[in-house]
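Residue numbers (this note's numbering): 26 to 275.
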């Protein structure tokens with residue numbers, strides 16, 4: 026079993042908590058992307074990053090001074106978004122770290138796919154970024170099926186906790202041998218299950234924490250998740266989609 030999640034825009038350097046274990050599996054491809062980005066103008070990069078001048082200036086400086094092999098932080102401690110705050114890896118016990126190192130994979134526009142203890146540096150490059158170059162139009166095109174092939178070589182059962190922008194670089198290449206289960210954390214509005222961005226990120230992080238703490242090995246046990254007032258709803262779920270709703274609206 027492998028769990029896939031999205032990265033976060035906000036990142037940090039942490040050299041004090043835990044050491045990284047290894048370099049990312051696709052580091053040579055990351056070198057190619059870094060070289061490509063360094064050749065672009067500030068205005069082009071700002072457009073790709075779709076951000077303010079302040080953030081663009083920071084990341085322009087980062088990309089021109091970037092060393093992919095030094096001052097590295099374990100990926101799981103580098104990302105700072107809401108999902109990671111609710112996952113809370115900073116207070117994991119040893120068994121939880123061992124669990125996520127085996128089972129968790131972080132999809133990344135810049136690094137491709139990361140194991141929790143891969144060493145990374147802060148970057149900004151979303152998977153859905155529009156590069157608009159004849160030689161490199163999109164990151165989906167750049168990574169192609171390599172991330173999916175690597176993931177499927179590790180397991181034929183994937184728990185999808187990633188956003189659609191990231192999960193589609195895996196789901197596009199599904200085959201009949203792979204079971205792909207998407208967890209949806211939503212509310213019933215009218216007759217539809219609706220996911221709200223921030224709440225879904227919170228729940229995805231909490232789900233990773235739950236699985237690590239409980240050492241979940243059987244996908245059926247995911248259904249026992251009852252945190253942040255979410256509970257599994259069997260009547261709305263199927264083999265490939267697990268629906269969790271706020272208990273107050275069950």
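Each residue gets a CB set at the ideal place from its N, CA and C atoms; glycine is no exception.
Excluding sequence positions up to five away, which residues of its chain have a Cβ less than 6 Å from the Cβ of residue i?
{"i": "residue 261", "result": "268"}
{"i": "residue 129", "result": "28 and 141"}
{"i": "residue 125", "result": "141 and 237"}
{"i": "residue 30", "result": "131, 186 and 187"}
{"i": "residue 170", "result": "198"}
{"i": "residue 111", "result": "227, 230 and 231"}
Just how far apart, CA to CA, sit residue i and residue j?
{"i": "residue 248", "j": "residue 65", "result": "47 Å"}
{"i": "residue 43", "j": "residue 213", "result": "41 Å"}
{"i": "residue 68", "j": "residue 147", "result": "20 Å"}
{"i": "residue 106", "j": "residue 100", "result": "12 Å"}
{"i": "residue 92", "j": "residue 241", "result": "37 Å"}
{"i": "residue 189", "j": "residue 259", "result": "23 Å"}
{"i": "residue 121", "j": "residue 271", "result": "26 Å"}
{"i": "residue 133", "j": "residue 113", "result": "20 Å"}
{"i": "residue 201", "j": "residue 176", "result": "15 Å"}
{"i": "residue 49", "j": "residue 145", "result": "8 Å"}
{"i": "residue 88", "j": "residue 180", "result": "34 Å"}
{"i": "residue 39", "j": "residue 103", "result": "7 Å"}
{"i": "residue 178", "j": "residue 117", "result": "27 Å"}
{"i": "residue 77", "j": "residue 243", "result": "44 Å"}
{"i": "residue 218", "j": "residue 75", "result": "30 Å"}
{"i": "residue 95", "j": "residue 37", "result": "14 Å"}
{"i": "residue 35", "j": "residue 245", "result": "33 Å"}
{"i": "residue 173", "j": "residue 82", "result": "33 Å"}
{"i": "residue 157", "j": "residue 168", "result": "15 Å"}
Buried or exposed: which applies to residue i, given that a residue is buried once 16 or more other Cβ atoms fall within 10 Å of its Cβ?
{"i": "residue 57", "result": "exposed"}
{"i": "residue 216", "result": "exposed"}
{"i": "residue 84", "result": "buried"}
{"i": "residue 275", "result": "Note that residue 275 has pLDDT 44, beneath the 50 cutoff, so the model's placement of it is unreliable and no number is given."}
{"i": "residue 233", "result": "buried"}
{"i": "residue 223", "result": "exposed"}
{"i": "residue 149", "result": "buried"}
{"i": "residue 161", "result": "exposed"}
{"i": "residue 192", "result": "buried"}
Can you give me the Cβ contacts of residue i inside the same chain, cut-off strictly under 7 Å, excluding the 5 residues immediately before and after it?
{"i": "residue 253", "result": "227, 228 and 231"}
{"i": "residue 205", "result": "183, 185, 196, 199 and 265"}
{"i": "residue 54", "result": "137"}
{"i": "residue 250", "result": "232, 235, 257 and 269"}
{"i": "residue 52", "result": "93"}
{"i": "residue 220", "result": "209, 210 and 211"}
{"i": "residue 203", "result": "177, 181 and 183"}
{"i": "residue 97", "result": "45, 144, 145 and 146"}
Per DSSP, what are the beta-bridge partners of residue i in this structure?
{"i": "residue 182", "result": "204"}
{"i": "residue 219", "result": "212"}
{"i": "residue 100", "result": "Paired residue(s): none; residue 100 is not in a bridge."}
{"i": "residue 127", "result": "Answer by DSSP bridge pairing: none, since residue 127 is not bridged."}
{"i": "residue 137", "result": "133"}
{"i": "residue 144", "result": "99"}
{"i": "residue 269", "result": "210 and 257"}
{"i": "residue 28", "result": "129 and 184"}
{"i": "residue 163", "result": "155"}
Considering only heavy atoms of the ligand SAH, does any lie closer than 7 Å to the CB of residue i?
{"i": "residue 106", "result": "No copy of the ligand SAH appears in this structure; indeed no ligand is present at all."}
Below 8 Å on the Cβ atoms is my guess for residue i versus residue j; work out the distance and round it to an integer in Å.
{"i": "residue 154", "j": "residue 73", "result": "5 Å"}
{"i": "residue 109", "j": "residue 33", "result": "6 Å"}
{"i": "residue 5", "j": "residue 165", "result": "Because the chain spans 26 through 275 in this model, residue 5 falls outside it and cannot be assessed."}
Skipping 5 residues on each side, what residues in its chain have a beta carbon closer than 8 Å to that of residue i?
{"i": "residue 143", "result": "45, 46, 47, 48, 49, 50, 99, 100 and 136"}
{"i": "residue 70", "result": "62, 81, 84, 85 and 88"}
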